[in-house]
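Notes to accompany the following structure.
Numbering (my numbering), first residue to last: 62 to 390.
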């Protein structure tokens, strides 16, 4: 019996597409009831690993199996000390010891098996596993996190492609300051006695970043000027508010010339004559090209104004691993 989305179901996790547990936002803190680990800038993946049949399936947050894009993980069944396991973790590509999301983003767009194979050798990814949900027919989601961590450590044989996430207890503030010095994205705080809540965002898990960000839906763009004449000028951003797609402002900074060029090509492929907001917006009457609301981007900002507009937004990256339904303000 599992609780999914507030309802109870009889399920067999091995045969289910599992939605990952998600975190709320927080500031750094110390608390003996929590453990703290690095928040890596990567792609979330729940993996179904069958050592008997030498098979690995990797599920992203869009509920799509995408293991073909990462041939370097084809044999990670060798890293598991059991017959079957379901684990949760983050796929990361390191460059000079720091996660590089742009290299990872290139992998997320690969359609050719040959190109995936080539990129896996040029810039191989690492799978950082931080939780285990199932082992040899036994569901572990209702065990306390600290017990799941112990089971995970016993099950994982680490190497350069697969590692178990390290953590510390209680000292979140000091840990966060150290992570900032290393130019990492932030940390996660997790209650040591927490269950794994499938498909739920919970305050038992907290994400702590050095800056405020929000995931937005790209709903259109304005034409660029000057050296950006061939590219877009600003992105028209939206989020869901009270179950309605709502305009939250425009964003035109944060990319280099290559970034503007690549994103412009993506936007041109999904242009639309339809306004996705369903209503006329005064400041968007002119010079706007609408697009199908399919792409999600992470945006850094100073604050959200009372009328739900982002102040001083700056583009961080595309988030191909996140569905538009999760873009909520």
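Beta carbons are placed, not taken as given, at the ideal position from N, Cα and C, and that holds for glycine.
Length of the line joining the Cα atoms of residue 196 and residue 132: Mapped onto the chain shown, residue 196 falls at position 135. Mapped onto the chain shown, residue 132 falls at position 71. Whole-angstrom Cα-Cα distance: 24 Å.
- prompt: CB-CB under 6 Å to residue 137, same chain, minus the five flanking residues each way: which ones, in chain order?
  reply: Start at 1 with the first residue of the chain shown, and residue 137 comes out as number 76. Closer than 6 Å at Cβ, skipping near neighbours: 117 and 223.
query: Just the Cα atoms here: how many angstroms apart are residue 264 and residue 81?
result: What you label residue 264 is simply residue 203 of the chain shown in a count that begins at 1. What you label residue 81 is simply residue 20 of the chain shown in a count that begins at 1. One C-alpha to the other measures close to 14 Å.
- prompt: Is the number of C-beta pairs between the segment 348-364 and the segment 327-336 that are closer than 8 Å three or more?
  reply: yes
message: Give me, in chain order, the residues of the same chain whose beta-carbon lies closer than 6 Å to that of residue 378; leave out the 5 immediate sequence neighbours on both sides.
response: Locating residue 378 in the chain shown gives position 317, counting from the first residue. Excluding sequence neighbours, residue 378 sits near 162 and 359.
- request: Within its chain, find whatever has a CB closer than 8 Å to the CB of residue 164; leave out the 5 residues flanking it on each side and keep chain order.
  value: The residue labelled residue 164 in the question sits at position 103 within the chain shown. For residue 164, where only same-chain residues beyond five positions count, the Cβ hits under 8 Å are 154, 156 and 184.
query: Going by beta carbon distance, what residues of the same chain come within less than 8 Å of residue 113, once the five residues before and after it are set aside?
result: Sequence index remark: in the chain shown, residue 113 carries index 52 (1-based). 144 and 145, listed in sequence order.
message: Using C-beta distances below 7 Å, list every residue in its chain close to residue 177, excluding the 5 sequence neighbours before and after it, in chain order.
response: Counted from its first residue, the chain shown places residue 177 at position 116. Around residue 177: 129, 130, 132 and 171.
- prompt: DSSP on residue 92, reduced to helix/strand/coil?
  reply: What you label residue 92 is simply residue 31 of the chain shown in a count that begins at 1. Residue state, collapsed to three classes: strand.
task: Determine the direct distance from the alpha carbon of residue 104 to that of residue 213, and round the result to whole angstroms.
output: The residue given as residue 213 occupies position 152 in the chain shown. The residue given as residue 104 occupies position 43 in the chain shown. So the alpha carbons of these two residues sit roughly 20 Å apart.
- prompt: Just the Cα atoms here: how many angstroms apart are residue 206 and residue 191?
  reply: Position 145 of the chain shown, counted from the first residue, corresponds to residue 206. Position 130 of the chain shown, counted from the first residue, corresponds to residue 191. Distance between the alpha carbons of residue 206 and residue 191: 10 Å.
- request: Could you tell me whether the Cβ atoms of residue 287 and residue 313 are closer together than 7 Å?
  value: Position 226 of the chain shown, counted from the first residue, corresponds to residue 287. Position 252 of the chain shown, counted from the first residue, corresponds to residue 313. Not a contact, by the Cβ cut-off of 7 Å.
query: Touch check for the segment 84-91 and the segment 241-250: three-plus C-beta pairs under 8 Å?
result: yes
Continuous beta strand (DSSP E) stretch holding residue 83: start and end: Position 22 of the chain shown, counted from the first residue, corresponds to residue 83. Here the beta strand (DSSP E) through residue 83 covers 83-86.
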